[in-house]
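Colleague: In my numbering, the protein residues as written are 539 to 652. Built from N, CA and C at the ideal position, the CB exists for glycine as well.
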Ligand SMILES: [Zn+2]
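1) Taking 8 Å as the threshold (C-beta atoms), are residue 610 and residue 587 in contact?
2) Could you check if residue 583 belongs to the surroundings of ligand 1, using beta carbon to heavy atom distance under 7 Å?
3) I'd like the span of the beta strand (DSSP E) that includes residue 577, first residue to last.
4) With a Cβ-Cβ cutoff of 8 Å, do residue 594 and residue 608 count as a contact?
5) Whole angstroms are fine: how far does the CA of residue 571 sit from the CA of residue 616?
6) Which residues share a DSSP beta bridge with residue 589?
7) Using DSSP with H/G/I as helix, E/B as strand and the rest coil, what is residue 622?
8) Hey, would you say the C-beta of residue 574 is under 7 Å away from at least one heavy atom of ligand 1?
9) Would you say the beta carbon of residue 586 comes nearer than 7 Å to a heavy atom of ligand 1?
10) For residue 513, write down the residues that DSSP places opposite it in a beta bridge.
11) In this structure, does DSSP put residue 560 in helix, strand or coil?
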């Protein structure tokens, strides 16, 4: 693995760590919610995309689709973009959340909540 690829995989891991699936779905303007399910960007079915219990991914519960997504995969499918563009999108979501002072964001001063 070259240095660039290493850097990319490290950034992907950091972005996945920082975001939960629902936040990514919301940033993509998918219809739905983590509670009711999201519209699946792979098959277009309504509210079939269910967030995983660990909130780091989701899967379409339509048997003919059964597509699983992690955060970058969801962006790639919903937007039809490459992995590196998806990563840029995720990093922008993280930066915007920090800029908005979301209390859910890990604090630099008080450690993480929960
Ligand atoms: Zn689907």
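Modeller: The answer reads as follows:
1) Locating residue 587 in the chain shown gives position 49, where the first residue counts as 1. Locating residue 610 in the chain shown gives position 72, where the first residue counts as 1. Their beta carbons are not under 8 Å apart, which means residue 587 does not touch residue 610 by this criterion.
2) Taking the first residue of the chain shown as position 1, residue 583 is located at position 45. Within the cutoff, so yes.
3) Start at 1 with the first residue of the chain shown, and residue 577 comes out as number 39. Element bounds for residue 577: n/a, residue is neither H nor E.
4) Locating residue 594 in the chain shown gives position 56, where the first residue counts as 1. Locating residue 608 in the chain shown gives position 70, where the first residue counts as 1. Contact: yes.
5) Residue numbering aside, residue 616 sits at position 78 when the chain shown is read from its first letter. Residue numbering aside, residue 571 sits at position 33 when the chain shown is read from its first letter. Cα to Cα, the separation comes out at about 16 Å.
6) Within the chain shown, numbered from 1, the residue matching residue 589 stands at position 51. DSSP, once it has assigned bridges, lists 596 as partnering residue 589.
7) Position 84 of the chain shown, counted from the first residue, corresponds to residue 622. In this structure, residue 622 counts as helix in the three-state DSSP scheme.
8) Position 36 of the chain shown, counted from the first residue, corresponds to residue 574. Because no heavy atom of ligand 1 lies under 7 Å away, the Cβ of residue 574 does not count as near it: no.
9) Locating residue 586 in the chain shown gives position 48, where the first residue counts as 1. Checking every heavy atom of ligand 1 against the Cβ of residue 586, one is found closer than 7 Å.
10) The chain is shown from 539 up to 652; residue 513 falls before or after that span and cannot be answered.
11) In the chain shown, the residue the question calls residue 560 occupies position 22. DSSP places residue 560 in helix when its eight states are reduced to three.
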